[in-house]
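One structure below.
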Amino acid sequence: MSTTPTRQQVLVFRELPPDQLARLQAQHDVTVANPRLLEQLPAFRAALATADGLIGSSYKVDAALLACAPQLKVISSVSVGVDNYDLQALAARGIMLCHTPGVLTETTADTVFSLIMATSRRLVELANWVREGHWTSNIGEDLFGWDVHGKTLGILGFGRIGQAVARRGALGFGMPVLYHSRRPVDLAKDAPELAGKASHTPLDELLQRADIVVAMLPLSNETRGLMGAREFGLMKPGAIFVNGGRGATVQETALLHALNHGTLRAAGLDVFATEPLPMDSPLRTHPKVTALPHIGSATFETRHAMAVLATSNLLQVLAGETPQAVFELPPG
Ligand code: NAP
432 MSTTPTRQQV
442 LVFRELPPDQ
452 LARLQAQHDV
462 TVANPRLLEQ
472 LPAFRAALAT
482 ADGLIGSSYK
492 VDAALLACAP
502 QLKVISSVSV
512 GVDNYDLQAL
522 AARGIMLCHT
532 PGVLTETTAD
542 TVFSLIMATS
552 RRLVELANWV
562 REGHWTSNIG
572 EDLFGWDVHG
582 KTLGILGFGR
592 IGQAVARRGA
602 LGFGMPVLYH
612 SRRPVDLAKD
622 APELAGKASH
632 TPLDELLQRA
642 DIVVAMLPLS
652 NETRGLMGAR
662 EFGLMKPGAI
672 FVNGGRGATV
682 QETALLHALN
692 HGTLRAAGLD
702 VFATEPLPMD
712 SPLRTHPKVT
722 ALPHIGSATF
732 ETRHAMAVLA
742 TSNLLQVLAG
752 ETPQAVFELP
762 PG
């Protein structure tokens, strides 16, 4: 005789598409409560007390919050980055953390490449210039940009997305690629299309040689503030910096200094130390900065694919199965 699986308590802390919410509701008791909205905070807190599983993103889950969730078995993050979670506290409690690697790789690389193009060719600045009615005669040198094809591309963080950016640069734009990561990637085995086109390079050398530096790093104790005054100072005169990883890997005051007083040509930023970007941040209106509102994975297709994977992960863990994408926690 088959038994009906027990319904468990699921707390959705950031809205899910209706079809994925329905998948959860078919099997479990679901509360949707967004703790960022003051009026939903009491419902969030109440649901936390009995939650077996959480699903959502963009909210700090620290040890104090976990202490309010005594039954919690799993958190399914609708993101690949896991810097919002206290990994040590999760490990200590034996709570599983799932995330959404892979499904957002190509879309995020597209965003990063858009920033490379936008900064090098001054796309946003010049589109605004046309919109504002300044195009009244042929343009002169003062509005010229700089080539992207053939330039040396430096990539900090050569994982899934870093490699996808490298493919666009090396295969589409003929760019030699230098990359920095703690371990070299076995290109012949893991990324044969990049073999002979990308080289593992020490950070300082990469910064000195690259025309365009892309940071595609996860945020960790090791990468926090990795790009500071010394690093920006090493960059080639006229180089461009793009950040598609996490804002806090960059010391923003050092970046501003390099833009204002150094030789950095421009910066393209999808991520910031504080998000949404504060109204008084000089990065918001800086003439050399193209700032995006953290849209790396923000297409209809990819955000839906992330929700599907995160929902599957959660359902699998609650069913006692191995989830598709679990994040390996440090030893508890
Ligand atoms: P991934 O496959 O895990 O790649 C991470 C890369 O960073 C690896 O090459 C890793 O290599 C390197 N790395 C880690 N720590 C390092 C350190 N201390 N120094 C140098 N390199 C280091 O992750 P992914 O899927 O490419 O995603 C990367 C990050 O992008 C995510 O963690 C997330 O924060 C961010 N992201 C942003 C958006 C957006 O909307 N803008 C979207 C998706 C992801 P080693 O381990 O060999 O060092």
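If you read the sequence shown in this note's numbering, its first letter stands for residue 432, the second for the next number, and so on. The beta-carbon is built from N, C-alpha and C at its ideal position, and this holds for glycine as well.
Exercise. Does the distance from the C-beta atom of G656 to that of V673 stay below 8 Å?
Worked result: Position 225 of the sequence shown, counting from 1, holds the residue named residue 656. Position 242 of the sequence shown, counting from 1, holds the residue named residue 673. In this structure, G656 sits away from V673, with a CB-CB distance that is not shorter than 8 Å.
Exercise. If you draw a straight line from the C-alpha of A601 to the C-alpha of Y490, how long is it?
Worked result: Locating residue 601 in the sequence shown gives position 170, counting from the first residue. Locating residue 490 in the sequence shown gives position 59, counting from the first residue. Each residue's Cα considered, the two are about 36 Å apart.
For this session: Identify which residue in W577, L528 and A595 has its Cα closest to the Cα of E537.
Result: Residue mapping note: residue 537 aligns to position 106 of the sequence shown, counting from 1. Of W577, L528 and A595, the residue nearest in Cα terms is A595.
Exercise. In terms of residues, what are the limits of the beta strand (DSSP E) holding N465?
Worked result: Taking the sequence shown and counting its residues from 1, one reaches residue 465 at position 34. Secondary structure note for N465: it is in no beta strand (DSSP E), with a DSSP letter that is neither H nor E.
Exercise. On the three-state DSSP scale, how would you describe G593?
Worked result: Taking the first residue of the sequence shown as 1, we reach residue 593 at position 162. Under the three-state reduction of DSSP output, G593 falls in the helix class.
For this session: Check the DSSP bridge columns for V505 and list the partner residues they point to.
Result: Counting from 1 along the sequence shown, the entry for residue 505 is found at position 74. Answer is G484 and M527.
For this session: Could you tell me how far apart the beta carbons of G675 and L546 are, in whole angstroms, since I believe they sit closer than 8 Å?
Result: Along the sequence shown, one-based indexing puts residue 675 at 244. Along the sequence shown, one-based indexing puts residue 546 at 115. Between L546 and G675 the Cβ distance is about 7 Å, and since that is below 8 Å, they are a contact.
Exercise. Applying the criterion that 16 or more other CB atoms from any shown protein chain within 10 Å of the CB defines a buried residue, is L745 buried or exposed?
Worked result: Along the sequence shown, one-based indexing puts residue 745 at 314. The C-beta of L745 has 16 or more other C-beta atoms within 10 Å across all chains shown, which makes the residue buried.
Exercise. How is L584 classed by DSSP in three states: helix, strand or coil?
Worked result: The residue labelled residue 584 in the question sits at position 153 within the sequence shown. The three-state secondary structure of L584, taken from DSSP, is strand.
For this session: For L637, collect the residues of the same chain with a Cβ closer than 6 Å to its Cβ; drop the 5 residues on either side in sequence, then sort them by chain order.
Result: The residue you call residue 637 lines up with position 206 of the sequence shown. Result list for L637: G585, L609 and H611, in chain order.
Exercise. Apart from the five residues just before and just after Q682, which ones in its own chain have a Cβ nearer than 8 Å to its Cβ?
Worked result: Here residue 682 corresponds to residue number 251 of the sequence shown, with the count starting at 1. Hits under 8 Å: G656, M658, G659 and A660.
For this session: Decide if Q502 is buried, meaning its Cβ has at least 16 other Cβ atoms within 10 Å, or exposed.
Result: Sequence index remark: in the sequence shown, residue 502 carries index 71 (1-based). Q502 comes out exposed.
Exercise. Got a sec: does ligand 1 put a non-hydrogen atom nearer than 7 Å to the Cβ of M647?
Worked result: Walking along the sequence shown from the start, residue 647 turns up at place 216. Correct: M647 has its Cβ closer than 7 Å to ligand 1.
Exercise. What are the residues that DSSP puts in a beta bridge with F672?
Worked result: As a working note, residue 672 is residue 241 in the sequence shown. According to DSSP, F672 bridges with V644 and A698.
Exercise. Which residues mark the beginning and the end of the alpha helix (DSSP H) in which S545 is found?
Worked result: For this step, residue 545 is matched to residue 114 along the sequence shown. Judged by DSSP secondary structure, S545 falls within the alpha helix (DSSP H) whose first and last residues are T536 to R552.
For this session: Could you tell me if V511 is buried or exposed, where buried requires 16 or more neighbouring beta carbons within 10 angstroms of its beta carbon?
Result: Translated into the one-based positions of the sequence shown, residue 511 becomes position 80. A buried status is given to V511, since no fewer than 16 other beta-carbon atoms sit within 10 Å of its beta-carbon.
For this session: Check L442 in the structure and name its three-state DSSP category.
Result: Working through the sequence shown from its first residue, we reach residue 442 at position 11. Strand at L442.
Exercise. Anyone know if the C-beta pair for I592 and M647 falls short of 8 Å?
Worked result: The count along the sequence shown starts at 1 and reaches residue 592 at position 161. The count along the sequence shown starts at 1 and reaches residue 647 at position 216. I592 places its beta carbon less than 8 Å from that of M647.
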